[in-house]
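Asker:
Numbering (mature numbering (1 follows the signal peptide of the UniProt record, and there is no 0)), first residue to last: -20 to -1, 1 to 1001.
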């Protein structure tokens, strides 16, 4: 009933009020030479696109604030000539969501124009930020469209901005950009200032395409208390709106693929981050159209874009006579629409809807061959829906903004082509794999439904602008996870059965029902908990801010923000309630064209739902496991007030065996149902998680910045920012039952590794033969490793960013040049990060996986006449870190007496030097023992260098240029450089994990994309 009431309220909100995008524009008027404030000067504001015309006089500080302006169209601000001053103007002003734009008009006096040594232009204006100390960068859609951008993917633009780099993530679909070098999961994605984060792991819900973006802004440091839920950076995309003139585009874009691209022996990545190789091609098409339903009153914009990727896999199963190329597809469809309604000069509203349908195919086989048949094909779905509503009302001294958004996100990681089928691994008589058939063998189907409500108010009182706001983000999560509820079989065929199967010549159509019914079943397993589980995450935020004009030169901003996330409760009695974040900044205008800015503040981060979900999914409530937890409470490893009921949960568990409960051999496709194993939760496990009985502290960052801006002339802007960040309470995992520390000098001197049995005997609760002894009782339902997420990590980031950018103006070229010098150290990389040995996180302090000392970013546009634009975008980066791991063939496993452990009379070797075994996060983070004598990430890959180019030619169809055709070609990595880092990548597939000591060279396992081509045509009207 509660959910129904909430839904009805939301629909009523959407019906009665649609969402208006508005912001403020601050205009400062000063004398050109004396730089004194001009008071009482009338300033005019025009926007013909929406029929807007306003004027207002400057105050005692020479300023005028135009409030609650629509983001639609392009603005012009100007003064008229009078008896004292000549006219001045600033044109082409584009506003963006949630940012007060500032413009300075420099007025020459009539007396000054008679001085021959002074050159005066009536367009003298400055657009430096004179309002606050926000460290941010933006790029408008016109510049985006000139850049070589793969697949019209807006995230491929972000790393062209300062303090943003392409990210090494920890799973293929991880967000592909890092801000300030931090984990990309903690970026906060917004559309028009509203939430666009999938809250399970992080990243975008709706991947907004270029065709619906008007402006792209990245806030990296010292931003307003209006923004939160990250200790890192904000990516805020302002969407397109309609105007009085009907405009639009129809486009087609293609990447022909291998027929023209440079060859490489390494896999590439599609737009989702997943690997592709042979036969890859991309085809994209779509349209956008916007205009006015009622002139000056009602505006609309609609954008539809679709992408189809074609890709080939190899199915190689020679034991059944199959060697085929299997074609698959990825499909991305994005639909966006928006309506803006201007009821009157004070009241505006608007509605935005975004729908995303994404299916990433896993057809069969593998990139270089595989035995997964089409019957086991599946697809990864990432489907999203966002409906956002806002009303704004403004008076001369007050404005109010009410925002409501409903969103859904479904991430089905393996939507099976045969969802009701078992999965079957087929072996030959020697144990070699023959085929994999049926279901993919696991479930991960996450459902998220989120309601966001914001209320913001602003009060304008003399030299003060007071802002306050409240926000609730309530996300209901459900996860269907675990193993296959239909059963998982491993069968071994005899030579005769295998020959008979091959003679049937089923080919790639082989399915589980083609396997002989009398096939020998080696193992059988079934998911014990196929039902969904989850909870509701509520994040409550409050903020207040005063933007104070102290003098005509000085603006000071003081703010306070409060956040509470109910997931911080974890397994405790209450959550983290003390998240008060004060922030302060100043902006001092040195001259009409220069300003000094700085600030300091606290920024609290979000809690990813996956932390909570993993602790449920990998948990258990068996009697032995509960007794093990109590054991750690009694030893002081867990708090004395730990409530075992709050920290445990009946999570996913796959059970089974080669025989049934009655001891009878399991026959093929006749395995017992999950209900037959209902009492088997009390089983030994290599690793289990619990909710932290102390709860979770929200991570936070202390940010300090100092910057300088100088506008050299009307078209050239220089700015530099120094940043120092320290982050605390970062997420990592602690093993309560970790083995005692290992002496790695023994490995270095003797080339030995501690056996698992030896390591298990040193654990706080020793493990032997899959059991433990507590108070004289042997317990078989314990976990070898008992882990939990803790919030105790830290990081340190310092950077200097220098930027020089030039607009085209009256010349035939433009450029943007950026240099960033930075350093990021931390003792945790990810929510699954664990210390190499015995929870010794102090030994993990080192460079981040995304640390780069130097990034040089350059974009140059050259305009050949009116119709041809040539663009070159260069990115030069110092190499990313290498984590040095041991050569597993060199270290002999020994027992407690330092004697080799023999298997079938032979010594065995390993790279698990301390013998603590594997962990859940290893597949994502790449946790591993390091080469003895080496610290974490203490080596570097070579510098990376890539140049992308584009040529864009316009064919006018009318003399007014309101209809035209645009033809373009993009070449990525035109020099075909072999880069080993500096591109979006998955850590465990990257070159950043290398065998052997520092300086011993490296083995290339991956590479940035080689030279690739993209061609497109657009019809614009």
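For each residue, glycine too, the CB sits at the ideal point set by N, CA and C.
How would you call residue 869, buried or exposed, if buried means at least 16 neighbouring beta carbons within 10 angstroms?
Answerer: exposed
Asker: Residue range of the beta strand (DSSP E) that residue 786 falls in?
Answerer: Unbroken beta strand (DSSP E) run through residue 786: 763 to 786.
Asker: Tell me whether residue 674 sits in a helix, a strand or coil according to DSSP, three-state version.
Answerer: coil
Asker: According to DSSP, is residue 562 part of a helix, a strand, or is it coil?
Answerer: strand
Asker: Distance, Cα to Cα, residue 259 vs residue 611?
Answerer: Straight through space, the alpha carbons of residue 611 and residue 259 are spaced by roughly 57 Å.
Asker: Report the three-state DSSP secondary structure of residue 814 (helix, strand or coil).
Answerer: coil
Asker: So within the stretch 188 to 263, which uninterrupted alpha helix (DSSP H) runs reach at least 4 residues, ignoring any that extend past its ends?
Answerer: none
Asker: The alpha helix (DSSP H) spanning residue 738 covers which residue range?
Answerer: Here the alpha helix (DSSP H) through residue 738 covers 736 to 741.
Asker: Checking the sheet assignment: what are the DSSP bridge partners for residue 920?
Answerer: 861
Asker: Run through DSSP, which three-state label would residue 938 get?
Answerer: It is coil, neither helix nor strand.
Asker: So which of 17, 126, 133 and 53 has the shortest CA-CA distance to residue 87?
Answerer: 17
Asker: Taking only three categories from DSSP, how would you classify residue 660?
Answerer: DSSP places residue 660 in coil when its eight states are reduced to three.
Asker: Which stretch, first to last residue, makes up the alpha helix (DSSP H) that contains residue 604?
Answerer: Start and end: 603 to 614.
Asker: For residue 123, report the span of its alpha helix (DSSP H) as first-last.
Answerer: 121 to 126
Asker: If you check the beta carbons only, do residue 813 and residue 713 fall under 8 Å apart?
Answerer: yes
Asker: What first and last residue would you give for the alpha helix (DSSP H) that runs through residue 592?
Answerer: 589 to 597
Asker: DSSP three-state call for residue 649: helix, strand or coil?
Answerer: coil
Asker: With burial defined as no fewer than 16 other Cβ atoms inside 10 Å of the residue's Cβ, what is the status of residue 691: buried or exposed?
Answerer: buried
Asker: For residue 424, tell me which candidate among 659, 463 and 677 has the shortest Cα-Cα distance.
Answerer: 463
Asker: Whose C-alpha, out of 753, 874, 552 and 616, is nearest the C-alpha of residue 736?
Answerer: 874
Asker: Spell out the partners DSSP gives residue 543 in its beta bridges.
Answerer: Per DSSP, the beta bridge partners of residue 543 are 521.
Asker: Comparing C-alpha positions only, which one of 752, 842, 820 and 646 sits nearest to residue 789?
Answerer: Looking at the Cα atoms, 842 is the closest of the given residues.
Asker: Looking only at DSSP bridge pairs, what is residue 980 linked to?
Answerer: As far as DSSP is concerned, residue 980 takes part in no beta bridge.
Asker: Just to check my reading of the structure: residue 190 and residue 132 have Cβ atoms closer than 8 Å, yes? What is that Cβ distance to the nearest angstrom?
Answerer: 4 Å
Asker: Give me the residue from 854, 627, 777 and 865 with the minimum Cα distance to residue 828.
Answerer: In this structure, 777 is the residue among 854, 627, 777 and 865 with its C-alpha nearest to the C-alpha of residue 828.
Asker: May I have the straight-line CA-CA distance separating residue 701 from residue 803, to the nearest angstrom?
Answerer: Rounded to whole angstroms, the separation of the alpha carbons of residue 803 and residue 701 is 15 Å.
Asker: Would you call the stretch 912 to 926 and the stretch 815 to 830 in contact, with 3 or more CB pairs under 8 Å?
Answerer: In this structure the stretch 912 to 926 lies against the stretch 815 to 830, because at least three pairs of beta carbons, one per stretch, are closer than 8 Å.
Asker: Does the stretch 206 to 214 come close enough to the stretch 165 to 173 that 3 or more CB-CB pairs lie under 8 Å?
Answerer: Of all C-beta pairs linking the stretch 165 to 173 to the stretch 206 to 214, three or more are shorter than 8 Å, placing the two stretches in contact.
Asker: Between residue 529 and the rest of its own chain, which residues show a CB-CB distance below 6 Å, the 5 nearest in sequence each way excluded?
Answerer: For residue 529, where only same-chain residues beyond five positions count, the Cβ hits under 6 Å are 41, 443 and 535.
Asker: Given this structure, state the Cα-to-Cα distance separating residue 741 from residue 632, to the nearest angstrom.
Answerer: 28 Å
Asker: Could you give the DSSP three-state label for residue 680: helix, strand or coil?
Answerer: For residue 680, the secondary structure class from DSSP, reduced to helix, strand or coil, is strand.
Asker: Assign residue 93 to buried or exposed, taking buried as 16 or more other Cβ atoms, counted over all protein chains shown, within 10 Å of its Cβ.
Answerer: With a pLDDT of 46 at residue 93, under the threshold of 50, the modelled position of that residue is not reliable, and no figure is offered here.
Asker: What residue does the beta strand (DSSP E) around residue 973 start on, and which one ends it?
Answerer: 973 to 975
Asker: Say whether the stretch 390 to 409 touches the stretch 371 to 379, bearing in mind that this needs 3 or more beta-carbon pairs closer than 8 Å, one atom from each stretch.
Answerer: The stretch 390 to 409 is not in contact with the stretch 371 to 379.
Asker: Go ahead and label residue 820 buried or exposed: buried means 16 or more other beta carbons lie within 10 angstroms of its beta carbon, across all protein chains shown.
Answerer: By the Cβ-count criterion, residue 820 is exposed, with fewer than 16 other Cβ atoms from all chains shown falling within 10 Å of its own Cβ.
Asker: On the DSSP bridge assignment, give the partners of residue 698 in chain order.
Answerer: 690 and 784
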